[in-house]
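Residues 0 to 325 in numbering that gives the first Met the number 0 are what the sequence shown spells out, letter by letter.
Just so you know, even glycine gets a beta-carbon here, dropped at the ideal spot from N, CA and C.
Small disclaimer: the values here were computed from a predicted structure and weren't measured.
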Amino acid sequence: MDDSLAALAVGTRSTSSRPDDLEKALADGSVIQVFAFRGAMHYLSPGGGGIYLSLRSAERQWELPSWVEHYRLSPEDWPDFRATVREVLSGGPLTLDELAAGVTARRAYRHLRPAFTEAGTLLKPLTWQGDMSLGPPRDGRRTFQRLDLNPAWVGVPDLEEAGPRAITAYLRTYGPATAKHVHYWLGEGLSAGRRRLDRWLAALDDQLVAVDVDGTTAYVVRDDVGPLLEAEPSDAVRLLPGHDQWVMGPGTKDEQITPPALRDLMTRKANPVLAGGVVSGTWSRSGDQLVVRWLAGGHPPATAIRAESDRLSGVLHRDLELRLQG
0 MDDSLAALAV
10 GTRSTSSRPD
20 DLEKALADGS
30 VIQVFAFRGA
40 MHYLSPGGGG
50 IYLSLRSAER
60 QWELPSWVEH
70 YRLSPEDWPD
80 FRATVREVLS
90 GGPLTLDELA
100 AGVTARRAYR
110 HLRPAFTEAG
120 TLLKPLTWQG
130 DMSLGPPRDG
140 RRTFQRLDLN
150 PAWVGVPDLE
160 EAGPRAITAY
170 LRTYGPATAK
180 HVHYWLGEGL
190 SAGRRRLDRW
200 LAALDDQLVA
210 VDVDGTTAYV
220 VRDDVGPLLE
230 AEPSDAVRLL
240 PGHDQWVMGP
250 GTKDEQITPP
260 ALRDLMTRKA
270 NPVLAGGVVS
280 GTWSRSGDQL
290 VVRWLAGGHP
300 PATAIRAESD
310 RLSGVLHRDL
320 ELRLQG
């Protein structure tokens, strides 16, 4: 996520918030920022985020022949390389240039100097393995810091422990969800591996309940069945940031969330307007002007959109002038 979109995703889910809440949480370690899903930067909980890093490391990409050839680091070289990075970061957060200078000052790693500018690819496994995370920006530049110095960090669990926990966490957030959803989020997103995911799903059989969703078999955690049956349908309108987890968790191919006609907009990071949990339009903001485009057909729920506009004004701490289109 873009940092501004991530901050809005957090703010819009809070009963009260300030625009700098996420920035402060990163600084105090109550959230961490690492490379995770699809190699992009994500904010995770230091208490539970390690399960996703464990899955992301499962394929051990740094041992692939292409990696070994490109970076001239064999699998046997990685323990010492990781230890060097941790040692260089021991004094506190460093910018990319500072980290590169500290690591490549060692003769064994001088050849890696250009690699530190290649979109962070070399650094990604160091976050997957829990050696470091991104730190608070300094003068507009990203920094990196040791992850094990964060008191809230509980580490990267063993893969066989992490897999079932990650599946359960997904179903508790997005369930009822299909096995295909699980493969999308943890397989395509984290490269966890299809056979592993199928095996973990099978092992969780006694903890899951199969339910029928419009003729499709989906799964929910057994403890969530009661609350699910008691839940009332909602037609609430929500204005969410582009690439919001509500849309990206099930994936833009999930037609129950994202109608096919609106999929390209969601893929291209348009800000979604949800009505009853379904993408029904887009919104944009220029200064204090908020433009909502209703794309679902029929008459837009103007009163609900206006109420959500007021709520967004509170999240952003600025008065917004609503202009409704459609």
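Which term fits residue i, buried or exposed, when burial requires 16 or more other beta carbons within 10 angstroms of its beta carbon?
i	result
residue 232	exposed
residue 230	exposed
residue 341	Residue 341 falls outside the range modelled here, since the chain spans only 0 to 325, and no answer is possible.
residue 32	buried
residue 63	exposed
residue 307	buried
residue 196	buried
residue 279	buried
residue 242	buried
residue 123	buried
residue 6	buried
residue 110	exposed
residue 92	buried
residue 255	exposed
residue 78	exposed
residue 129	buried
residue 41	buried
residue 165	buried
residue 134	buried
residue 185	buried
residue 316	exposed
residue 13	exposed
residue 237	buried
residue 15	exposed
residue 257	buried
Can you look up residue i in the DSSP assignment and give me helix, strand or coil?
i	result
residue 31	strand
residue 222	helix
residue 128	coil
residue 255	coil
residue 239	coil
residue 306	helix
residue 365	Missing from the structure shown is residue 365; the chain here goes from 0 to 325 and no further.
residue 317	coil
residue 76	helix
residue 121	coil
residue 193	helix
residue 204	helix
residue 37	helix
residue 92	coil
residue 148	coil
residue 14	coil
residue 46	coil
residue 298	coil
residue 287	coil
residue 19	coil
residue 186	helix
residue 71	coil
Quick one: give me the first and last residue of the alpha helix (DSSP H) that residue i is part of.
i	result
residue 163	158-173
residue 41	Taken as a continuous stretch (DSSP letters only), residue 41 belongs to no alpha helix (DSSP H), being part of the beta strand (DSSP E) at 40-43.
residue 53	49-55
residue 245	244-247
residue 320	Per DSSP, residue 320 belongs to no alpha helix (DSSP H); it is in the beta strand (DSSP E), 320-324.
residue 61	Where residue 61 is concerned, there is no enclosing alpha helix (DSSP H), given that its DSSP letter is neither H nor E.
residue 266	262-266
residue 155	Run containing residue 155: none; DSSP gives neither H nor E here.
residue 8	2-10
From what residue to what residue does the beta strand (DSSP E) around residue i run?
i	result
residue 136	131-137
residue 274	270-274
residue 98	Run containing residue 98: none in the beta strand (DSSP E); it sits in the alpha helix (DSSP H), 95-103.
residue 145	140-145
Per DSSP, which one or two residues make a beta bridge with residue i?
i	result
residue 211	216
residue 233	Looking at the DSSP assignment, residue 233 forms no beta bridge with any residue, so it has no partner.
residue 281	271, 292
Just to check my reading of the structure: residue i and residue j have Cβ atoms closer than 8 Å, yes? What is that Cβ distance to the nearest angstrom?
i	j	result
residue 304	residue 291	6 Å
residue 155	residue 52	5 Å
residue 141	residue 89	That belief does not hold up - the Cβ atoms of residue 141 and residue 89 are roughly 19 Å apart, past 8 Å.
residue 274	residue 234	6 Å
residue 127	residue 55	5 Å
residue 175	residue 246	Residue 175 to residue 246, Cβ: 17 Å. No contact.
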